[in-house]
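Working notes, structure below.
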Ligand SMILES: C[S@@+](CC[C@H](N)C(=O)[O-])C[C@H]1O[C@@H](n2cnc3c(N)ncnc32)[C@H](O)[C@@H]1O
C-alpha cells in the first residue's frame, strides 16, 4: 500500500478506536479499512504488558477516554442491567474483553457466548475466558435460539456496521432475548451530533469503512417498541472525538 494512503488509513483506524492523535500499534498484516477486524492481537497484548497495564485499561487509555468503561458500567448498573437473573449472556464483538470482564464478574453467568469477526481475537477469547464462540457471519446471531438469552450486549460494534447491518443486528438481539431479558448497546445517533461533532470527526481524517455509522435514535426506539421492548434508559458516553449513545431495553 502506498505510504500516504497507509498513513491516512492508520489515522482513520486510530479514530475508530478512539483517538486520532495517539500512536497506533502497527501490524503488517492488518487491513485497517475493514471494520470487521480489530487491533493486532500480539502487538497490542505486548504493548499493554510493556506499559504495565491490564489490556482493557491500556486500550481505554490509549484509544479512548480513561474511565469510560467504569462510567458505562456505572450507568448500566443504575439502569438495573445487572440485577435479576443474568445467567445466559450473549456479546457481539467483545474484542479485547474490556466489557466482558466486568459484565462477567457482575453477573457470574453459567453461559457466555460471543460473536466475533476478528479471528485472532475470537480464538484468544475462547482460550482466555472460556467463552462459547458462535459461528459469526457479521450479520446474524443465527446459532442462538429464540428467547434464550438474559442479557445480550454490544459495545462500539454497531458504530462500525452500516445502517441495514445495524437494523439486522437489533432485530436479532430482540429475537434471542427471553421475556424479562435485557438488550444493551451503543450507537452513533443523531443525539451524538450536537456541539459541532461532525467538525470534530472531520478533523480526524477518519477513513475506516462505514465508521462512524449513523442511525436515528427514534428508529431504534420504534424498532424495539414494535418488538415488544420497553426503553429503560439512554446515556451518552465518550468515543473520541465525540460520543456514542447507549440504550437499555427490557423485553416485556
Ligand atoms: C471497535 S471494536 C470494539 C471492541 C470491544 N467491544 C470494545 O468495546 O473494546 C469492534 C469489535 O467488533 C468486532 N466486529 C466488527 N464488525 C463486526 C460484526 N459485523 N459482527 C460481529 N463483530 C464485529 C471487531 O472485530 C471488534 O472486536
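In the working numbering, the protein residues as written are 212 to 463. The C-beta atom is built at its ideal place from N, Cα and C for all residues, glycine as well. Small disclaimer: the values here were computed from a predicted structure and weren't measured.
Restricted to the segment 320 to 363, the alpha helix (DSSP H) segments that are unbroken, complete and at least 4 residues in length are 330 to 340, listed in chain order. Beta-carbon to beta-carbon, residue 346 and residue 354 are separated by about 5 angstroms, close enough to satisfy the 8 angstroms threshold.
Apart from the 5 residues on each side of it in sequence, residue 432 sits with its Cβ closer than 7 angstroms to the Cβ of 442 in its chain, given in chain order.
In terms of Cβ geometry, residue 383 and residue 352 form a close pair [threshold 8 angstroms]. Contact annotation, residue 265 with residue 259: C-beta distance approximately 7 angstroms; criterion of less than 8 angstroms satisfied. Spatial neighbours of residue 342 in its own chain (CB-CB distance under 6 angstroms, excluding positions within 5 residues in sequence) are listed in chain order as 323, 325 and 336. A distance of 8 angstroms or more separates the beta carbons of residue 371 and residue 287. Residue state for residue 404 is assigned as helix, using DSSP reduced to three classes. Apart from sequence neighbours up to five positions away, the residues of its chain that approach residue 303 with a beta-carbon distance below 6 angstroms are 326, 365 and 368, ordered along the chain. For the pair residue 310 and residue 271, the Cα-to-Cα distance works out to about 11 angstroms.
The alpha helix (DSSP H) runs of length 4 or more contained entirely in the segment 257 to 303 are, from start to end of the chain, 266 to 274 and 279 to 289. Inter-residue distance for residue 390 and residue 461 is about 8 angstroms (C-alpha atoms, whole angstroms).
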